[in-house]
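Visitor: Taking the working numbering, the leading residue of the sequence shown gets 1104, the next gets one more, and so forth. One structure coming up, written as C-alpha coordinates, with questions to follow.
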Amino acid sequence: MRTRISLLAVPAMALVAVTAAPAHAEFYRIDDPADAKGSLTDIYGLEANHGADNVRVKVRFNELMRTSAAGVSVFFDTDRESKGPEYVLSSGLGDGTDYVLTEADGWRGSDDRVRCDYSARPKWGRDLFRAVVSRDCFDRTPSVRVSVKMVDQADGSHPVVDWVPKRQRWTLPIASGLGA
1104 MRTRISLLAV
1114 PAMALVAVTA
1124 APAHAEFYRI
1134 DDPADAKGSL
1144 TDIYGLEANH
1154 GADNVRVKVR
1164 FNELMRTSAA
1174 GVSVFFDTDR
1184 ESKGPEYVLS
1194 SGLGDGTDYV
1204 LTEADGWRGS
1214 DDRVRCDYSA
1224 RPKWGRDLFR
1234 AVVSRDCFDR
1244 TPSVRVSVKM
1254 VDQADGSHPV
1264 VDWVPKRQRW
1274 TLPIASGLGA
(Lines of atoms letter the chains of each structure in order from A and count residues from 1; the text may use other names and numbers.)
(Lines give C-alpha, C1' and ligand atoms only; values in the text may rest on other atoms or scores of the structure.)
Protein backbone atom coordinates (compact mmCIF):
# COMPACT_ATOMS: atom_id res chain seq x y z
CA MET A 1 0.00 0.00 0.00
CA ARG A 2 2.82 2.39 0.79
CA THR A 3 4.38 1.80 -2.60
CA ARG A 4 1.11 2.64 -4.32
CA ILE A 5 0.72 5.89 -2.34
CA SER A 6 4.30 6.88 -3.07
CA LEU A 7 3.88 6.13 -6.76
CA LEU A 8 0.71 8.23 -6.86
CA ALA A 9 2.36 11.08 -4.96
CA VAL A 10 5.08 11.55 -7.62
CA PRO A 11 2.64 12.20 -10.52
CA ALA A 12 0.52 14.40 -8.25
CA MET A 13 3.56 16.52 -7.36
CA ALA A 14 4.55 16.75 -11.02
CA LEU A 15 1.01 17.87 -11.90
CA VAL A 16 1.18 20.58 -9.22
CA ALA A 17 4.54 21.78 -10.58
CA VAL A 18 3.20 21.89 -14.15
CA THR A 19 -0.07 23.61 -13.27
CA ALA A 20 1.43 26.08 -10.78
CA ALA A 21 1.13 29.70 -11.81
CA PRO A 22 3.95 30.76 -14.12
CA ALA A 23 6.41 33.36 -12.96
CA HIS A 24 5.03 36.86 -13.46
CA ALA A 25 6.46 40.33 -13.45
CA GLU A 26 6.99 41.90 -10.12
CA PHE A 27 3.89 43.81 -9.18
CA TYR A 28 3.34 46.65 -6.72
CA ARG A 29 0.01 48.09 -5.63
CA ILE A 30 -0.93 50.67 -3.02
CA ASP A 31 -4.13 52.47 -2.08
CA ASP A 32 -3.98 56.18 -1.35
CA PRO A 33 -6.32 57.95 1.09
CA ALA A 34 -8.62 60.80 0.07
CA ASP A 35 -6.09 63.50 0.86
CA ALA A 36 -6.25 65.98 -2.05
CA LYS A 37 -9.04 68.17 -0.77
CA GLY A 38 -10.43 70.51 -3.40
CA SER A 39 -9.64 68.28 -6.38
CA LEU A 40 -11.74 65.65 -8.12
CA THR A 41 -8.53 64.11 -9.42
CA ASP A 42 -7.44 62.86 -6.00
CA ILE A 43 -5.27 59.78 -6.48
CA TYR A 44 -6.88 56.65 -5.02
CA GLY A 45 -4.28 54.07 -5.94
CA LEU A 46 -1.14 53.10 -7.82
CA GLU A 47 -0.21 49.87 -9.58
CA ALA A 48 3.17 49.16 -11.15
CA ASN A 49 4.09 46.05 -13.11
CA HIS A 50 7.70 45.55 -14.24
CA GLY A 51 7.70 42.99 -17.02
CA ALA A 52 10.31 41.52 -19.32
CA ASP A 53 9.63 44.14 -22.00
CA ASN A 54 8.07 47.15 -20.27
CA VAL A 55 7.03 48.88 -17.09
CA ARG A 56 3.29 49.48 -16.82
CA VAL A 57 1.94 52.05 -14.36
CA LYS A 58 -1.74 52.61 -13.56
CA VAL A 59 -2.86 55.55 -11.46
CA ARG A 60 -6.45 55.44 -10.18
CA PHE A 61 -8.35 58.65 -9.44
CA ASN A 62 -11.49 59.61 -7.57
CA GLU A 63 -13.08 61.18 -10.65
CA LEU A 64 -11.15 61.76 -13.85
CA MET A 65 -12.89 64.05 -16.33
CA ARG A 66 -12.09 65.09 -19.90
CA THR A 67 -12.23 68.74 -18.82
CA SER A 68 -9.61 68.22 -16.10
CA ALA A 69 -6.99 70.94 -15.65
CA ALA A 70 -4.79 68.51 -13.71
CA GLY A 71 -1.53 66.92 -14.75
CA VAL A 72 0.35 63.85 -13.61
CA SER A 73 4.06 63.06 -13.35
CA VAL A 74 5.29 59.48 -13.03
CA PHE A 75 8.84 59.42 -11.68
CA PHE A 76 11.15 56.44 -12.21
CA ASP A 77 14.20 55.62 -10.11
CA THR A 78 16.53 53.25 -11.92
CA ASP A 79 19.72 53.94 -9.93
CA ARG A 80 19.36 53.64 -6.18
CA GLU A 81 22.90 54.98 -5.69
CA SER A 82 21.85 58.33 -7.18
CA LYS A 83 19.47 60.55 -5.20
CA GLY A 84 16.12 61.31 -6.85
CA PRO A 85 14.55 60.07 -10.08
CA GLU A 86 16.35 59.48 -13.35
CA TYR A 87 13.23 59.78 -15.56
CA VAL A 88 9.80 61.39 -15.46
CA LEU A 89 6.79 60.83 -17.68
CA SER A 90 4.62 63.97 -17.66
CA SER A 91 1.08 64.24 -18.99
CA GLY A 92 -2.05 66.29 -18.73
CA LEU A 93 -5.19 64.50 -17.61
CA GLY A 94 -7.67 66.42 -19.75
CA ASP A 95 -8.77 65.77 -23.32
CA GLY A 96 -6.26 66.88 -25.97
CA THR A 97 -3.20 66.91 -23.71
CA ASP A 98 0.03 65.19 -24.62
CA TYR A 99 2.71 63.27 -22.74
CA VAL A 100 6.49 63.12 -22.77
CA LEU A 101 9.25 61.05 -21.13
CA THR A 102 12.29 63.10 -20.14
CA GLU A 103 15.35 62.75 -18.01
CA ALA A 104 14.57 64.10 -14.57
CA ASP A 105 16.05 67.29 -13.21
CA GLY A 106 15.58 66.72 -9.50
CA TRP A 107 11.87 66.09 -9.04
CA ARG A 108 10.98 67.88 -12.28
CA GLY A 109 11.12 67.11 -15.96
CA SER A 110 13.76 68.57 -18.25
CA ASP A 111 14.21 69.40 -21.91
CA ASP A 112 16.13 66.13 -22.43
CA ARG A 113 13.54 63.92 -24.12
CA VAL A 114 14.13 60.20 -23.98
CA ARG A 115 13.92 58.58 -27.42
CA CYS A 116 12.33 55.18 -26.94
CA ASP A 117 8.94 53.43 -27.03
CA TYR A 118 6.38 54.57 -24.46
CA SER A 119 2.72 55.51 -24.36
CA ALA A 120 0.36 57.11 -21.89
CA ARG A 121 -3.30 58.04 -21.78
CA PRO A 122 -6.09 58.84 -19.41
CA LYS A 123 -9.13 56.58 -19.43
CA TRP A 124 -11.85 58.93 -18.22
CA GLY A 125 -14.67 56.38 -17.98
CA ARG A 126 -12.51 54.21 -15.75
CA ASP A 127 -10.95 57.06 -13.69
CA LEU A 128 -7.53 55.75 -14.67
CA PHE A 129 -4.26 56.98 -16.16
CA ARG A 130 -2.14 54.28 -17.79
CA ALA A 131 1.50 54.53 -18.88
CA VAL A 132 3.58 51.83 -20.59
CA VAL A 133 7.32 52.44 -20.88
CA SER A 134 9.70 50.09 -22.68
CA ARG A 135 12.48 48.70 -20.51
CA ASP A 136 14.86 49.87 -23.25
CA CYS A 137 14.11 53.44 -22.07
CA PHE A 138 15.75 52.50 -18.76
CA ASP A 139 18.63 50.50 -20.28
CA ARG A 140 16.82 47.33 -19.18
CA THR A 141 17.55 47.97 -15.51
CA PRO A 142 16.73 44.97 -13.30
CA SER A 143 14.50 46.98 -10.94
CA VAL A 144 12.73 50.33 -10.75
CA ARG A 145 11.02 52.36 -8.09
CA VAL A 146 8.04 54.60 -8.89
CA SER A 147 6.56 57.77 -7.42
CA VAL A 148 3.54 59.69 -8.75
CA LYS A 149 2.55 63.34 -8.37
CA MET A 150 -0.74 64.94 -9.45
CA VAL A 151 -1.12 68.72 -9.64
CA ASP A 152 -4.56 70.28 -10.17
CA GLN A 153 -4.89 74.00 -10.94
CA ALA A 154 -8.70 73.74 -10.83
CA ASP A 155 -9.55 77.11 -9.31
CA GLY A 156 -6.35 78.96 -10.19
CA SER A 157 -5.79 80.32 -6.67
CA HIS A 158 -3.55 77.53 -5.44
CA PRO A 159 -2.57 74.15 -6.84
CA VAL A 160 -3.78 70.95 -5.22
CA VAL A 161 -0.94 68.42 -5.08
CA ASP A 162 -1.22 64.69 -4.37
CA TRP A 163 1.71 62.25 -4.11
CA VAL A 164 1.76 58.45 -4.05
CA PRO A 165 3.15 56.80 -2.01
CA LYS A 166 4.19 60.04 -0.23
CA ARG A 167 5.86 63.32 -1.23
CA GLN A 168 9.12 62.45 -2.99
CA ARG A 169 9.04 58.88 -1.68
CA TRP A 170 9.33 55.63 -3.63
CA THR A 171 7.54 52.36 -3.97
CA LEU A 172 9.50 49.31 -2.98
CA PRO A 173 11.97 48.20 -5.70
CA ILE A 174 10.06 46.35 -8.42
CA ALA A 175 12.17 43.69 -10.10
CA SER A 176 11.63 42.67 -13.69
CA GLY A 177 9.56 39.56 -14.32
CA LEU A 178 8.11 37.82 -17.36
CA GLY A 179 4.73 39.52 -17.78
CA ALA A 180 3.49 43.06 -18.46
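All C-beta atoms in this analysis are idealised placements derived from N, C-alpha and C, irrespective of residue type, glycine included. Note that this is a predicted model, so its numbers are computed, not measured.
1. Go through the region 1226-1258 residue by residue and report every complete run of the beta strand (DSSP E) that reaches 3 residues or more, in order.
2. So which of 1136, 1179, 1135 has the shortest CA-CA distance to residue 1248?
3. Under three-state DSSP, which class holds residue 1278?
4. On the premise that residue 1171 lies in contact with residue 1196, defined as a C-beta separation below 8 Å, what is that separation, rounded to the nearest angstrom?
5. Nearest chain D C-beta to residue 1230 closer than 9 Å, yes or no?
6. Which partner residues does residue 1175 have in the DSSP bridge list?
7. Output the distance between the C-alpha atoms of residue 1267 and residue 1181, rounded to the nearest integer angstrom.
8. If contacts are defined as beta-carbon pairs under 8 Å, then residue 1149 and residue 1168 qualify, I think. What distance do you get, rounded to the angstrom?
9. Quick one: what's got a C-beta closer than 8 Å to residue 1226's C-beta in the same chain, skipping five residues either side?
10. What's the C-alpha gap between residue 1192 and residue 1157?
11. Could you tell me which of 1243, 1200, 1173 sits nearest to residue 1259, measuring between CA atoms?
12. Tell me the DSSP secondary structure of residue 1211 in three-state form.
13. Is the separation between the beta-carbon of residue 1253 and that of residue 1162 shorter than 9 Å?
14. Please list, in chain order, all residues of the same chain as residue 1274 whose beta carbon is under 8 Å from its beta carbon, the five residues on each side excluded.
15. For residue 1228, which option in 1202, 1154, 1165, 1272 has the closest C-alpha, if you only look at C-alpha atoms?
16. Look at the alpha carbon of residue 1280 and the alpha carbon of residue 1198, and state the distance between them as a whole number of angstroms.
17. My output table needs one value for residue 1266: the three-state DSSP class, helix, strand or coil.
Guide: For this structure:
1. 1231-1237, 1246-1255
2. The candidate whose alpha carbon is nearest that of residue 1248 is 1179.
3. strand
4. 4 Å
5. Going by chain labels, chain D is absent from the structure shown, which holds only one protein chain.
6. 1194, 1253
7. 18 Å
8. That belief does not hold up - the Cβ atoms of residue 1149 and residue 1168 are roughly 20 Å apart, past 8 Å.
9. Beyond the five residues adjoining it in sequence on each side, residue 1226 comes within less than 8 Å, by CB distance, of 1167, 1232, 1233 in the same chain, given in chain order.
10. 14 Å
11. 1173
12. strand
13. yes
14. 1131, 1133, 1149, 1151, 1248, 1249, 1250, 1268
15. Of 1202, 1154, 1165, 1272, the residue nearest in Cα terms is 1165.
16. 33 Å
17. strand
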